[in-house]
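Using my numbering, you'd call the opening residue of the sequence shown number 29 and step up by one each time. Worksheet for the structure shown next.
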Amino acid sequence: MSRTNTVDGLSAETSALVIKGRRARRVRRPGQRSTSFVLAPLSFIAVAVVLFALFFVWPGALGLWYSFTDYTGVGTPDFIGAENYVELAQDPDFYVVLGRTLLYTVLSVPLHFVAALGIAVLLTSTAAKGKAPARIIFFLPWLISPIVAGVIWKWLFGENFGMVNFLIELAGGTGLRWETDPTLALVLILIVSTWGGTAFNMLLFIAAIRNIPRSYLEAAQLDGAGGWQRFTRIVLPLLRPTSFMVVLLTTIGSMKEFAMVQALNGGGPGTSNMFIVQYIYRTGFERADVGYASAASMVLMVILIVIAIIQMRFDKRNDLA
């Protein structure tokens, strides 16, 4: 019998396709992997690990070492044990700036949360018009450097040359002391920080609101629930994971606020609005006491870790409940 190019009576073309498919479905031996499949993810992971170690682990370890020394920024640091931490525990100025930072955080987090959530709800509403340009306008502050934002708002709220006081006086009022009154200076810091930090949180809330099934809201509307009831009974509970993330990130960001305040009023008037990061900056660079400033930064790191753990435990307990 002569050999043919057919398989089970199939035509020559069909047989060729079947044979080609069989060859393509050959299974590799166990443990055999493509070199590129292994090297590609390892390369990406290696880059991330190197960058993390270079810009986070190494500076953190160096700061921890400096906190146990009398390093001044030049020369060789000498080990002095826990003297910096003992001095820090007895420093009343440290407690003052820490308390002021906590006060600012307590005031700043709700403002950021309400502003971001309110704008996100408006931009996802079916009744809103011009949502595309509105998103761009609200996101622009996030693209501006905190230092530039501080300078811009300083010009706007300057006591002698600011546009806000000019408009107030033009309307027959008296210009406000935005730079020399501690309370007004803190209010201005809250306004600027909320203006600059709302955009990112707004995007988080917009993404979360869009992921809520429309069927839930439509069913509640058919049952007679109003807009406020649908928001409080359906939208807010489903936004809880995003809300937790916004609160956590805003808390950490507020505790570390520096660049914008430094450009806006330098923590003034005087030191009435100096936060803990400015205290660390002035101690380390203006007083040339890097060891003491490193100890303060380590304490701040511990405080932030404790705050994050407490918030995570609280969120986990709510999930279990």
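Ideal Cβ placement from N, Cα and C applies to all residues, glycine included.
Contact belief for residue i with residue j at Cβ below 8 Å, rounded distance in angstroms
i	j	result
residue 323	residue 116	5 Å
residue 192	residue 185	5 Å
residue 228	residue 145	Not confirmed; about 13 Å, so no contact.
residue 96	residue 88	About 14 Å; that fails the 8 Å criterion.
residue 280	residue 126	The pair is not a contact, with the Cβ atoms about 15 Å apart (cut-off 8 Å).
residue 222	residue 143	5 Å
residue 139	residue 218	6 Å
residue 225	residue 299	That belief does not hold up - the Cβ atoms of residue 225 and residue 299 are roughly 24 Å apart, past 8 Å.
Host alpha helix (DSSP H) of residue i (start-end)
i	result
residue 246	242-250
residue 315	Premise fails: residue 315 is in no alpha helix (DSSP H) and is neither H nor E.
residue 305	304-309
residue 197	191-198
residue 282	268-283
residue 290	287-292
residue 121	120-152
residue 159	159-171
residue 23	Past the edges of the chain, shown from 29 to 349, lies residue 23, and the structure says nothing about it.
residue 297	Careful: residue 297 lies outside any alpha helix (DSSP H) and carries neither H nor E.
Residues bridged to residue i [DSSP beta-bridge criterion]
i	result
residue 15	Only positions 29 to 349 of the chain appear in the structure, and residue 15 is not among them; the question remains open.
Contact set for residue i: own chain, Cβ-Cβ below 8 Å, skip 5 residues either direction
i	result
residue 60	Confidence is the limiting factor: at residue 60 the pLDDT is only 49, short of 50, which leaves the residue's position unreliable, though a coordinate-based value still follows. Same-chain partners within the cutoff: there are none.
Residue i versus residue j - alpha carbon distance
i	j	result
residue 158	residue 86	48 Å
residue 123	residue 129	10 Å
residue 29	residue 69	Confidence at residue 29 is low in this model, with a pLDDT of 43, below 50, so its placement is unreliable and no value can be given for it.
residue 220	residue 178	7 Å
residue 131	residue 341	22 Å
residue 311	residue 236	42 Å
residue 165	residue 199	28 Å
residue 273	residue 254	28 Å
residue 242	residue 76	38 Å
residue 181	residue 104	42 Å
residue 202	residue 196	6 Å
residue 147	residue 114	46 Å
residue 318	residue 161	47 Å
Cβ shell of residue i (< 7 Å), same chain only, five flanking positions each side left out
i	result
residue 297	207, 208, 210, 213
residue 284	305
Sequence-distant residues of the same chain with beta carbon closer than 6 Å to residue i, five excluded per side
i	result
residue 216	185, 206
residue 313	none
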